[in-house]
Amino acid sequence: MTPEGMLHWLATTDAKLTYVGGDPINPLTTLNTAAVMVVYCSTRILNVCGGTCNVYNGGNTCLYTPNAACMASTKNVVFCSTPYCSGTCGELASCPAPLDGGFCATPGVQSIFTPADHPTA
């Protein structure tokens with residue numbers, strides 16, 4: 042998802058958003074292109090991701106994401122089946138189950154590694 046697409050989704054979604062690791066993002070501002078923005082949500086209904094969603098905007102980190110049913114990111118990130126960004130992992134760029142709006146179904150994901158220097162997904 043492009044940064045502009047992410048900002049549009051944040052501005053128009055009816056999902057309950059929680060910002061982790063920082064302040065809420067103002068969709069009218071310019072984003073730091075070195076940072077990665079990730080949204081991971083608790084609910085997937087058909088091809089739509091939503092419900093309660095967490096939003097991260099920052100640099101390299103390992104996010105603990107229990108109950109993440111789906112996700113989107115402005116860059117290629119790695120999602121893993123166990124906490125601490127280990128276990129069986131996959132790349133968002135190779136999403137096995139794409140959803141509407143640039144989201145990916147990620148049932149069973151427990152963590153997301155956000156390397157800020159990966160190419161845009």
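The sequence shown begins at 42 in my numbering and counts up by one.
Cβ atoms here follow ideal geometry from the backbone N, Cα and C, with glycine treated the same way.
Counting along the chain, no alpha helix (DSSP H) covers G142, and no H or E run does either. Within 10 angstroms of the beta-carbon of I153 lie 16 or more other beta-carbons, which makes it buried. Check the Cα spacing between C126 and each of V150, L58, T53 and N98: the tightest is with V150. Excluding its 5 nearest sequence neighbours in each direction, P139 has C-beta neighbours in its own chain below 7 angstroms: C145, listed in chain order. Between N108 and P156, the CB-CB gap reaches or exceeds 8 angstroms. The DSSP-derived three-state label of T53 is helix. As the crow flies, the alpha-carbon of I86 is around 13 angstroms from that of T147.
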